[in-house]
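Take a look at the structure set out below.
4 protein chains.
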Amino acid sequence: MIVDFAISPIGVGESLSAYIAEVFKIIEESGLPYKHHAMGTNIEGNWNEVMGVIKACRDQMLKQTNRLSISIKIDERTGVTDGLKRKIASAKEKMG
Amino acid sequence: MIVDFAISPIGVGESLSAYIAEVFKIIEESGLPYKHHAMGTNIEGNWNEVMGVIKACRDQMLKQTNRLSISIKIDERTGVTDGLKRKIASAKEKMG
Amino acid sequence: MIVDFAISPIGVGESLSAYIAEVFKIIEESGLPYKHHAMGTNIEGNWNEVMGVIKACRDQMLKQTNRLSISIKIDERTGVTDGLKRKIASAKEKMG
Amino acid sequence: MIVDFAISPIGVGESLSAYIAEVFKIIEESGLPYKHHAMGTNIEGNWNEVMGVIKACRDQMLKQTNRLSISIKIDERTGVTDGLKRKIASAKEKMG
Chain A
0 MIVDFAISPI GVGESLSAYI AEVFKIIEES GLPYKHHAMG TNIEGNWNEV MGVIKACRDQ
60 MLKQTNRLSI SIKIDERTGV TDGLKRKIAS AKEKMG
Chain B
0 MIVDFAISPI GVGESLSAYI AEVFKIIEES GLPYKHHAMG TNIEGNWNEV MGVIKACRDQ
60 MLKQTNRLSI SIKIDERTGV TDGLKRKIAS AKEKMG
Chain C
0 MIVDFAISPI GVGESLSAYI AEVFKIIEES GLPYKHHAMG TNIEGNWNEV MGVIKACRDQ
60 MLKQTNRLSI SIKIDERTGV TDGLKRKIAS AKEKMG
Chain D
0 MIVDFAISPI GVGESLSAYI AEVFKIIEES GLPYKHHAMG TNIEGNWNEV MGVIKACRDQ
60 MLKQTNRLSI SIKIDERTGV TDGLKRKIAS AKEKMG
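For the protein sequence lines, the chains are A, B, C and D, in the order given.
For the first sequence, numbering that gives the first Met the number 0 begins at 0 and goes up steadily by one.
For the second sequence, numbering that gives the first Met the number 0 begins at 0 and goes up steadily by one.
For the third sequence, numbering that gives the first Met the number 0 begins at 0 and goes up steadily by one.
For the fourth sequence, numbering that gives the first Met the number 0 begins at 0 and goes up steadily by one.
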């Protein structure tokens, strides 16, 4: 499945990048295929792999802040091992 | 933590309520505090409890469809056992 | 269309309810059907009505903070004037 | 402001890429800075510019389907003209 997720501390001020850097390290170390964008990160794996990474990011952030928000979007399709790039490529082909 | 989540089958037609009914049963049987709204369901519990319910909903829906989407929003605050109603009540008090 | 939306200031501390109270007032005054839940608000109306309310909430919050985040989910179905409660009722009927 | 958005037809089958291709054309023609990822598109502009593009995508899709869902996430920060890449770069610098 492909998952898009974002995590933010609440109540720590306006600049969040130091907190996000910690999260980026955990994602990098997971070994799963991923791609950052300006509003979140796409990760690909099975349920336990991806949710394990997100939980590790949350556990880390709870060491640094008392409140946080997480958003997760999942697109799961049986029998499709997608490659994070396939979805965009497929729509682009059809732009004609 | 308080979690808002929604799950939808993709590619099964325009009417989704028969699929959602199956999900409602799983949420009901979980025993966790929850509240449905028109665009999703709020559930309260710890990480494993809530994610366990969402995974059970997804496992059920994968028996009925080949593709699905899930969206999850989490608000977690250390040391606050919130009650699903406390957040709205707190803002309403301040409306003056 | 039915819209679920949430707006939060960033960098103002951990307690957000005073900011949310201002948003609740704007929603109330819009006259559109709405329902708050613990993680956002459902509103029903056409595109310009609902987006007008969300923009008014954002304009108000930008007077109080330098950074904010908004999430919006839209479910639009041609020819269905839904009533915010119809969706849940429809799934509940099918729970059997 | 930076906006992440995704739009999907509901009830048209499992493969959505032909519908998404139409949306990609509208985004391309808007002239706004954008970046597609596997689960949506980041766009940068002011409120009216970005919401105008999203509404155009929705109007187009309503010609092709009776039901659709849209999700929108906004990150707005006064006085920051961000560049879609600045946010990721800022976190990466702090990974050390």
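Ideal Cβ positions, reconstructed from N, Cα and C, are used throughout, including at glycine.
The structure displayed is predicted, hence computed values, not measured ones.
- The three-state reading of DSSP puts K62/D in helix, counting H, G and I together.
- DSSP lists E75/C, P8/D as the bridge partner or partners of L67/D.
- At a cut-off of 8 Å, the C-beta of M38/A has no neighbouring C-beta in chain B.
- Closer than 8 Å at the C-beta level to chain D, one finds no residue of the region 17 to 39 of chain B.
- Interface residue (Cβ-Cβ distance to chain C less than 8 Å): E13/A is classified as such.
- In the same chain as N45/B, and ignoring 5 residues on each side of it, the C-beta atoms closer than 8 Å to its own belong to M0, in chain order.
- In this structure, M94/D lies near F23/A, with their beta-carbon atoms less than 8 Å apart.
- Taking a C-beta cut-off of 8 Å against chain A, the contacting residues of the region 35 to 65 of chain C are N65, listed in chain order.
- Per the coordinates, the alpha-carbon of D74/B lies some 16 Å from the alpha-carbon of V11/C.
- At the C-beta level, H36/D and K91/A stay beyond 8 Å of one another.
- Relative to A20/D, the option among L83/D, D3/D, M60/D whose CA is nearest is M60/D.
- Considering only E28/D, E43/D, S70/D, the residue with the shortest C-alpha distance to P8/D is S70/D.
- When secondary structure is reduced to three states using DSSP, G39/A falls in the strand class.
- A buried status is given to K86/A, since no fewer than 16 other beta-carbon atoms sit within 10 Å of its beta-carbon.
- K34/D carries a strand assignment under DSSP once its states are collapsed to helix, strand and coil.
- Scanning P32/A, I53/A, S16/A, A17/A for the CA closest to the CA of T80/A turns up P32/A.
- The continuous alpha helix (DSSP H) containing E28/A extends over residues 16 to 29.
- Separation of the CB atoms of M38/D and N41/A is rounded to 6 Å, and the pair is thereby assigned contact status at 8 Å.
- A check of alpha carbon separations from N65/D across E13/B, F4/B, D3/B identifies E13/B as the nearest.
- Check the Cα spacing between T77/B and each of I53/A, R57/A, R76/A, S89/A: the tightest is with R57/A.
- Beta-bridge annotation (DSSP): I1/D is paired with E43/D, D74/D.
- CA-CA distance, K84/D to S89/C, rounds to 44 Å.
- Counting the other CB atoms within 10 Å of its CB gives K62/B a total below 16, which places it among the exposed residues.
- With its beta carbon at least 8 Å from every one in chain D, L67/A lies outside the interface.
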